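Worksheet for the structure shown next.
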Amino acid sequence: MKQICLKTALFIILVSAILTGTRIFYSYAETKGLSPQGTVPEIVEDLSGDKYFPKVKDALRNAKKSIYMVMYFVNFDPKSRKSPVTELVEEVVNAHKRGVKVRVILDQNISFAEWEGRSGKWEKEEKNIPLFEYFKKQGIEAYYDNLFVVTHSKAIVIDEEIVVLGSANWTESSLRRNWEASCLIRSKELAKQLLKDFSEITIDYEASILDEERKPPVRISNTFLSGASFAPRMLTARDETAFDLYLLLLKNSDGNSEGRVNINYKDISSSLGLDKKFSYISARDILREALTRLDERYKLIIRKIRPPKSPYCLLLGYYSKNPYVLPQEKYCSLPDEYWRYGWNKRLSFPEKYCFMINLCKAGASRGRVWTGYRKGLMEEFNLGRDTIIRGMKGLRRLNIIEIEYPPYPEGGGFAQRAPMRFRLLGLYSPERLQQEKERLAKFYGKEHFEQAQKYAEMVYKDNDIQIIEDIIKKKEEYGSEQIDKAFGKVSYRSPDNPKRSYKYVVGILQTEAAE
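Per my numbering, residue 287 is the first one in the sequence shown, and the count goes up by one each step.
Quick look at the structure:
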């Protein structure tokens with residue numbers, strides 16, 4: 287956004303110079319009778335001070351085709367109906383309701399003011415949540431930006447011609463008390479350039495989805511994951527097909543009192559990805575065998591065959607022959623994205639299992655944090671040490687979870703070491719991630735992108751598009767030599783060393799720059 291601000295500032299200076307020259311020319315022409323009075327073109331309007339609110343409100347009210355907004359801070363309170371902020375927000379909503387295309391990008395940066403060196407906490411500011419949620423519930427296309435970039439712009443483009451720029455956030459103080467310098471520019475060329483710049487802002491798509499926009503999750507009982515007769519037994523037997531099939535049966539269940547779920551081999555084969563590897567007959571036979579194991583070995587279903595009709599099954603309670611009942615406590619919520627984004631086909635068996643452990647321990651909400659020891663997880667979920675290590679490490683690499691390892695005790699020995707800290711980030715679209723990687727490579731250059739991704743890989747963040755972009759920007763800020771030196775200091779450390787992290791890299795850069 288520095289580039290946007292610089293280009294915008296230069297453009298405003300240029301336009302002002304042109305406007306001044308144009309006014310002089312037209313004034314001279316008017317005095318000589320070469321131009322009718324009142325024909326001097328108005329290109330820029332001053333919106334400083336108390337002129338901003340009425341002018342912007344009027345421009346929004348008269349929008350015909352489109353409104354694009356990029357805002358650092360909108361202090362919106364839906365209860366304050368007489369607030370000027372609310373009035374501007376409602377004009378945007380009204381425009382959307384009358385068919386105007388509205389797209390909004392809001393800042394969601396980390397509060398770097400709270401940074402306290404290498405051990406500091408990175409907490410996401412939540413200043414724009416009320417507006418984001420309100421716009422989304424009104425059906426407006428609203429997004430959050432890259433968490434690690436401060437989108438400090440206060441820019442609006444209306445009908446691809448009217449541009450509003452300046453220092454004013456949409457807050458009570460900016461609109462009523464502060465003296466803010468802003469302007470309205472009528473320029474299709476500037477509007478076009480800003481819209482291009484807006485399109486290059488990295489969007490945090492997963493953060494830009496409301497919980498109510500997601501399909502209801504599937505409840506998975508903790509008993510299934512921890513009971514020695516169920517999922518742990520499947521893992522030991524490497525029976526991933528039975529595991530995947532059972533989760534899909536729970537997903538397809540409509541909650542009827544019999545626990546009945548109809549079996550469609552073609553649909554199930556497609557959902558599990560078997561249709562890409564086998565013929566229909568082979569896939570059907572694999573599923574039949576898995577259903578038999580779920581029935582006879584794991585006692586989770588009763589398989590019902592009824593030729594020539596399609597079969598069905600009856601879900602059973604755990605350690606019971608009674609019909610399956612949706613768990614009301616001690617369960618994890620498996621999100622629909624697990625299937626919709628194809629993670630049930632992408633994750634390894636240990637990674638799937640460890641993802642559900644994270645769901646159980648942290649809940650299904652994005653960004654939830656929990657702590658635990660590896661040995662405790664092994665005992666609680668009847669898993670081997672290798673499964674926990676490989677599963678959690680894989681999820682960390684995929685940017686589905688974050689793991690913060692505690693410092694080593696000063697006296698040595700692992701027995702006194704504090705528990706690991708896990709943060710559940712949630713699932714994302716791999717296809718969209720790839721598109722974002724391609725966009726960054728095109729915008730910053732393939733060489734810069736690939737080098738940044740290689741650095742990100744050292745700290746298990748090569749699938750975090752926001753970290754990759756931040757590394758590119760850090761390289762511009764600190765220089766290639768300092769970046770290489772900082773990552774070199776962490777690269778040789780073991781995976782469970784707390785200093786093998788991007789936060790520590792940033793701490794090194796800040797410390798070196800301050801000395």
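We put the beta carbon where it would ideally sit given N, CA and C, even for glycine.
Bear in mind the structure is a predicted one, so any value in this text is a computation, not a measurement.
Rounded straight-line distance, which links the Cα of residue j to that of residue i
| i | j | result |
| --- | --- | --- |
| S460 | V745 | 41 Å |
| I487 | K585 | 52 Å |
| T372 | K365 | 9 Å |
| P594 | L602 | 25 Å |
| Y604 | I442 | 57 Å |
| G792 | K761 | Residue identity check: residue 792 is Val in the sequence provided, not Gly. Between V792 and K761, the C-alpha separation is close to 11 Å. |
| L476 | I444 | 12 Å |
| I751 | I353 | 27 Å |
| A727 | Q721 | 10 Å |
| Y741 | G628 | 27 Å |
| L795 | S634 | 36 Å |
| H438 | S619 | 36 Å |
| E331 | L480 | 18 Å |
| E427 | I588 | 46 Å |
| P695 | G649 | 30 Å |
| L533 | L600 | 14 Å |
| S494 | D782 | 31 Å |
| L535 | G545 | 10 Å |
| Q702 | N395 | 36 Å |
| K562 | A569 | 10 Å |
| T522 | G425 | 47 Å |
| Y338 | G731 | 39 Å |
| G541 | L612 | 7 Å |
| E370 | E724 | For clarity, residue 370 is Pro in the given sequence; the question names Glu instead. So the alpha carbons of these two residues sit roughly 41 Å apart. |
| L669 | L711 | 23 Å |
| H734 | A576 | 48 Å |
Other residues of its chain near residue i: CB distance less than 7 Å, five sequence neighbours each side excluded
| i | result |
| --- | --- |
| K785 | V776 and R779 |
| E798 | Q768 |
| I591 | P597 |
| P621 | R500, P503, A650 and L713 |
| Y624 | N630 and L713 |
Member of the options whose CA lies at the smallest distance from the CA of residue i
| i | options | result |
| --- | --- | --- |
| I458 | A576, I794, D336 and K537 | What sits at residue 458 in the sequence shown is Glu, not Ile. Selected option, being the one with the closest Cα: D336. |
| D770 | L511, A738, E466 and R500 | A738 |
| E615 | A772, E427, K350 and N508 | N508 |
| E446 | A517, I471 and E427 | I471 |
| A704 | P692, R589 and L713 | P692 |
| N685 | A727, K474, G452 and Y714 | Y714 |
| F708 | E623, K422 and V655 | V655 |
| R671 | R660, G680 and K679 | R660 |
| V360 | L333, L417 and E575 | L417 |
| N538 | I554, D525, R519 and T527 | I554 |
| R626 | N548, Y566 and P716 | P716 |
| D431 | L711, C469 and I489 | I489 |
| M642 | N380, R505 and G774 | R505 |
| S473 | S485, V450 and N464 | V450 |
| P340 | R367, E411 and R462 | R462 |
Nearest-angstrom Cβ-Cβ length linking residue i and residue j, presumed shorter than 8 Å
| i | j | result |
| --- | --- | --- |
| L346 | L374 | 7 Å |
| L681 | C640 | 6 Å |
| P636 | R676 | 5 Å |
| A517 | L580 | Contact flag wrong, Cβ pair sits at about 12 Å. |
Residues near residue i in its chain [Cβ-Cβ closer than 6 Å; skip 5 each side]
| i | result |
| --- | --- |
| L663 | I674 |
| N245 | Given a span of 287 to 801 for the chain in the structure shown, any question on residue 245 remains unanswerable. |
| K607 | none |
| W401 | In this prediction, W401 scores a pLDDT of 43, lower than 50, which makes its location untrustworthy; the coordinate-derived value is nonetheless stated afterwards. Nothing meets the Cβ criterion. |
| M678 | C640 |
Sequence-distant residues of the same chain with beta carbon closer than 8 Å to residue i, five excluded per side
| i | result |
| --- | --- |
| N455 | M357, Y358, F359, V360, N361 and K440 |
| K351 | V386, K387, D445 and E446 |
| S515 | Y584, K585 and Y605 |
| E666 | S512 |
| V342 | L333, L374, I442, V450 and L470 |
| task | Any chance you could list the alpha helix (DSSP H) runs of at least 4 consecutive residues sitting entirely within the stretch 708 to 767, in chain order? | result | 716 to 730, 732 to 744 and 751 to 764
| task | For the stretch 581 to 629, list the alpha helix (DSSP H) runs that are entirely contained and at least 4 residues long, ordered along the chain. | result | Taken in chain order, the unbroken stretches of alpha helix (DSSP H) that lie wholly in the stretch 581 to 629 and span 4 residues or more are 623 to 626.
| query | Residue ranges of each alpha helix (DSSP H) run of no fewer than 4 residues wholly in the stretch 528 to 585, ordered along the chain? | reply | 551 to 558 and 566 to 582
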